[in-house]
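Numbering (mature numbering (1 follows the signal peptide of the UniProt record, and there is no 0)) for the sequence shown: -23 to -1, 1 to 425.
A short worksheet on the structure shown next.
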Amino acid sequence: MRARLVVSLLGLVLVAGGAPAVADPLHVPGDQPLPGYTIVNPPLAPEVIDGRPTRVLQGVHRHSAYVVEVPAKWNGRLAMWAHGYRGTGTVLTVDPPAYGLRTRMLGQGYAWAASSYYSNGYDVRAGVSATHDLAQHFGTLVARPKQVFVAGVSMGGHVIGRSLEQYPGFYDGALPMCGVLGDHELFDFFLDHQLTAQALAGIRAYPIPADYQTAVVPRIQEKLGLNGLLPGGPDTVTDRGAQFRANVVELSGGPRPGSTPAFAYWKDFLFSLAAPPNDSAPLPLDPGRLATNLGTHYQPNTPVDLNREVRRVAPRDWRTRLSPALTEVPRIAGKPRVPVLSLHGLGDLFVPFSMEQDYRADVARNGQSKLVVQRAIRTVDHCEFSPAEAGAAWDDLVRWTDRGTKPAGDAIGDRDAVAAPAFGCRFSDRAAYTGPGTRRLFSPCPVN
C-alpha cells in the first residue's frame, strides 16, 4: 500500500484567497459565525409528506449554520448530512441531503439535520465537530433521537470516516459517497500526479513554482502528448504519455472499466491542483504539506525507470501527518464499529476509487471487514450518482442496521474482478445510462 501523504487537494484554490483567522471561540457568541465569516442560510420550504408539511428549523449553533427538518410522523431516528469541500471562501452555507435522499428520508419517517461547519477550507475537524454538535443540539430542538445515521459526500466522507472513530457508539450507520476515506493518501495521489508527469517529461519543477500552470504544465503536456486528448477521442499520447496514464490508473485503483476516458477527462484539472507551498497558511489552506511519495512504488516502470527517476518528497509537516489527534486533516484508522455502506465512481480522479481500497485495507487490518460494504458506480465525474443508486444504498444500510443482514457489495480489493469489463454494473443505475453525464464513456453493461 502506498505511503499515506499529500499535495494540495484543492491546491488551486489555495492560492485564490485565504480563510479568515479563527478567533478563540470563547470570545464569540455561539449563535454568531467566527470572525471573517458570514452565513447564508435562506428559509427552506418544508416538504409535504403524506399530505402534511414537515417542520423546518434553522439557526446558528456553535458558529455553524444549520437546517433541521422533521416529518409530522417522525420515527424517532435522525440522519445527519455531511457536506463536501466548500473552497476557501468566507460564506458558510448549508445543503440538504442530495440525490433525492431528503424526500426519501422524510418519507420513511426520518428527521435530517445538516451543518455548514464553522469554517471552510479542507477542514475535516470542523465537519466532525459541527456535525456531532448539531446531532446533540437536535435533542434540545426536537427530542433525543433513538438512532443517528450519518451520510455525506466527498470531504464529507472524510468527516464520516473520522466521526465514527472520534465518537464511537454515537452513530448507528454511515453512508459515505465519493468519500475521502483514504485520508492523507488523497493528497499523495495529487503529488504523485505532478511528480510522475515531471519525471516522464524530463522537466523538474518541484517545489511547485509560481509559473507552474502557465509555463511548466503546457510543456509537460506537449512532451507527453496530452494536448488535445479528449475522452473518447483519438489517442494522442506518446510512449512516455502512455506510461504516465498507466501509472495514474494504477495509483487511482488499478486497471478498471472507463480508466482511459477518465484519464482524458481529468488530466487538465489534476495539473491545476498543484500550487506553490505556503507554510505560513493554516493547514486547511495547504493540506499539501502532509503529502509524500517516499514509499510509493510506481508501475509500469518502463520505458522510464520511474522508481529511480521520480523525485522523492517527504511531508513538510511530519508531526501532523502522523498525529492520531483530530486535526484539520486527520487520519482514519479504519475502525468504524458500525455498518458502513459506501458508493464510489470508478472513473472519479478528483477523489479516486483507490480511496475505497485504502479504507478497505485499513478496516481489514483492524478485523472489521464485516462492517463495510462498498459499491462501484460506472461514472467518471465526481459524486455522479443517481437517486436510484443513492436511495438503494440508503435503504440497504437501514435494513442492515435494523435486521443485521449485510447487503451485497463489490469486490473492490480483487484486482481481477475490478479489471473485468462488467465491473461496476451490478449497482449502477441502468436507467441513468441514457441521461446526461459521463456514463456513456463506459460500454453498456451486459443484459442479464
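Glycine is no exception: its CB is placed at the ideal position from the N, C-alpha and C atoms.
Under 8 Å between C-beta atoms of residue i and residue j
| i | j | result |
| --- | --- | --- |
| residue 442 | Tyr95 | This structure gives no information on residue 442, because the portion of the chain shown stretches from -23 to 425. |
| Thr404 | Glu361 | Just to set this straight, residue 404 is Phe in the shown sequence, not Thr. In this structure, Glu361 does not lie closer than 8 Å to Phe404 by Cβ. |
| Gly150 | Gly138 | no |
| Pro307 | Arg102 | yes |
| Gly77 | Lys50 | no |
| Gly13 | Thr67 | yes |
| Gly133 | Gly104 | yes |
| Leu262 | Thr65 | yes |
| Gly129 | Trp58 | yes |
| Tyr43 | Ala91 | yes |
| Val281 | Ala182 | no |
| Leu374 | Leu152 | yes |
| Leu184 | Pro73 | The amino acid at residue 184 is misidentified as Leu; the sequence shows Pro. Contact flag unset, no. |
| Phe330 | Ser257 | no |
| Ala88 | Val136 | no |
| Arg233 | Val395 | yes |
| Pro186 | Val194 | no |
| Gly202 | Val214 | yes |
| Pro23 | Thr15 | no |
Exposure of residue i, with buried meaning 16 or more beta-carbon neighbours within 10 Å
| i | result |
| --- | --- |
| Phe246 | exposed |
| Gln198 | buried |
| Ala408 | exposed |
| Val47 | buried |
| Ala174 | buried |
| Ala268 | buried |
| Gln334 | buried |
| Arg39 | buried |
| Gly218 | buried |
| Val25 | exposed |
| Ala(-1) | With a pLDDT of 44 at Ala(-1), under the threshold of 50, the modelled position of this residue cannot be trusted, and the question is left open. |
| Ser420 | exposed |
| Thr382 | exposed |
| Gly272 | exposed |
| Ala291 | exposed |
| Val17 | exposed |
| Lys123 | exposed |
| residue 433 | Residue 433 is absent from the structure shown; the chain starts at -23 and stops at 425. |
| Val357 | buried |
| Asn224 | buried |
| Gln9 | exposed |
| Leu83 | buried |
Distance cut-off 7 Å: residue i Cβ against heavy atoms of the ligand GDP
| i | result |
| --- | --- |
| Ala120 | No copy of the ligand GDP appears in this structure; indeed no ligand is present at all. |
Inter-residue CB distance, residue i and residue j (contact presumed, cutoff 8 Å)
| i | j | result |
| --- | --- | --- |
| Tyr148 | Val127 | 5 Å |
| Leu260 | Thr297 | 7 Å |
| Pro277 | Gln220 | 6 Å |
| Gly324 | Gly235 | 4 Å |
| Leu11 | Val125 | Going by Cβ atoms, the distance from Leu11 to Val125 rounds to 26 Å, so no, they are not a contact pair. |
| Phe166 | Pro264 | Contact doesn't hold; Cβ gap of about 12 Å is too wide. |
| Pro423 | Ala399 | 6 Å |
> Are three or more beta carbon pairs between the stretch 228 to 248 and the stretch 414 to 422 nearer than 8 Å?
Replying inline: yes
> Which residue spans inside the stretch 18 to 43 form an unbroken alpha helix (DSSP H) run of at least 4?
Replying inline: none
>> Below 8 Å, how does it come out for the stretch 345 to 355 and the stretch 315 to 322: are there three or more Cβ pairs, yes or no?
In response: yes
> Is the stretch 334 to 347 touching the stretch 308 to 315, taking contact as three or more C-beta pairs under 8 Å?
Replying inline: yes
>> Any contact between the stretch 283 to 303 and the stretch 200 to 211? By contact I mean 3 or more CB pairs, one from each, below 8 Å.
In response: no
> At which residue ranges does the stretch 201 to 282 contain complete alpha helix (DSSP H) runs of 4 or more residues, listed in the order of the chain?
Replying inline: 216 to 228 and 236 to 249
> Unbroken alpha helix (DSSP H) runs of length 4 or more, entirely within the stretch 336 to 382: which are they?
Replying inline: 364 to 380
> Can you list, in chain order, the stretches of the beta strand (DSSP E) that have 3 or more residues and sit fully within the stretch 51 to 139?
Replying inline: 54 to 59, 88 to 92 and 124 to 130
> Which runs of the beta strand (DSSP E) spanning at least 3 residues fall entirely within the stretch 146 to 185, listed in chain order?
Replying inline: 150 to 154
> Which runs of the beta strand (DSSP E), 3 residues or longer, sit entirely within the stretch 288 to 314?
Replying inline: none
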